[in-house]
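Q:
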Amino acid sequence: MSFASSSRIVLARSNIPSIGSTRGVLHRARPPRMPVLPSPHNPKQPLPTSGTSHPVPPNLGTPSVLTTVTALPDSGLTFHHSPPPSAPSYTNGAVPDLFRWTAGESVRLSGEEAAMALGERRWYGGKVDWSGELVQKMRDLRGQGLSRREIGESLQIAPEQQRLISRVAPQSREQASAKVEEFAEHKAKWGYRKRLAREVRQKRKEFW
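Position 135, counted from 1, in the sequence shown is what the UniProt record's numbering calls 135; the numbers after and before it change by one each time, with no gaps.
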């Protein structure tokens, strides 16, 4: 041990261990872990559903595939046979979920049952019976240049019935031409990408 001019303790080089080999190591090396290799003959347990603590119920429509085990006495080995999974077919006796559901049985839902059909028409209510006085008010408001929404709000017409206003109170030719001119002015402000997308859509409709 020696003292420098700054009165700091200076240790000999031989007393300082190697720093580079242990720098940044917060713990000692862990022993290698043996990986868990599940047997292919045991069915895999389903993981819990996101947001719940219970496992996903098995598919009720597809029967469980049974594994056959055969002992081979000559070689002392055991032969396991698991047929590959396949879709429900009439040849293996499995009934599809749709047929089981129509028969009144409980099946597992896939989440697509609540989706709206692509070709389903929107319902706008039953038959509308408007009085002559109400129809005349619609025509008067239409003559003033009001839109269907503005007419419906002023006369307190249900939103699902406002689209029927144009049947009894259509726009005049002047109003229709003014609307076309307004749309043309708005269209002139479109960018290149929007104009190209609209032209491609219109061209595609010609071949439908």
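Backbone N, C-alpha and C fix where the C-beta goes; we use that ideal spot for every residue, glycine too.
Does DSSP put His186 in a helix, a strand or coil?
A: If DSSP states are grouped into helix, strand and coil, His186 belongs with the helices.
Q: What are the partner residues of Thr78, as DSSP defines its beta bridges?
A: Note: Thr78 sits in a beta bridge opposite Ala71.
Q: Please report how far the alpha carbon of Glu182 lies from the alpha carbon of Leu141, in whole angstroms.
A: When rounded, the distance between both Cα atoms is 20 Å.
Q: Contact defined as beta carbons within less than 8 Å: I believe Pro35 pairs with Lys44. What is the distance between those atoms, to the nearest angstrom?
A: Contact flag wrong, Cβ pair sits at about 16 Å.
Q: Relative to the alpha-carbon of Asn42, which residue among Gly76, Pro31, His80 and Lys187 has its alpha-carbon at the smallest distance?
A: Among Gly76, Pro31, His80 and Lys187, the Cα nearest to that of Asn42 belongs to His80.
Q: Taking the alpha helix (DSSP H) that Lys127 belongs to, which residues open and close that run?
A: From DSSP, Lys127 is part of no alpha helix (DSSP H); its letter is neither H nor E.
Q: Rounded to whole angstroms, what's the CA-CA distance from Ile165 to Glu133? Just pull it up for me.
A: For Ile165 and Glu133, the distance between alpha carbons rounds to 14 Å.
Q: Should Gly143 be labelled buried (16 or more other beta-carbon atoms within 10 Å of its own) or exposed?
A: It counts as exposed.
Q: Decide if Gly152 is buried, meaning its Cβ has at least 16 other Cβ atoms within 10 Å, or exposed.
A: Classification for Gly152: buried.
Q: Taking its Cβ as the centre, do 16 or more other Cβ atoms sit within 10 Å of Pro63, making it buried, or is it exposed?
A: A caution first: Pro63 carries a pLDDT of 49, below 50, which makes its placement in the model unreliable, though a value can still be read off. Exposed.
Q: Could you check where the alpha helix (DSSP H) with Ser154 kicks off and where it finishes?
A: Unbroken alpha helix (DSSP H) run through Ser154: Arg148 to Ser154.
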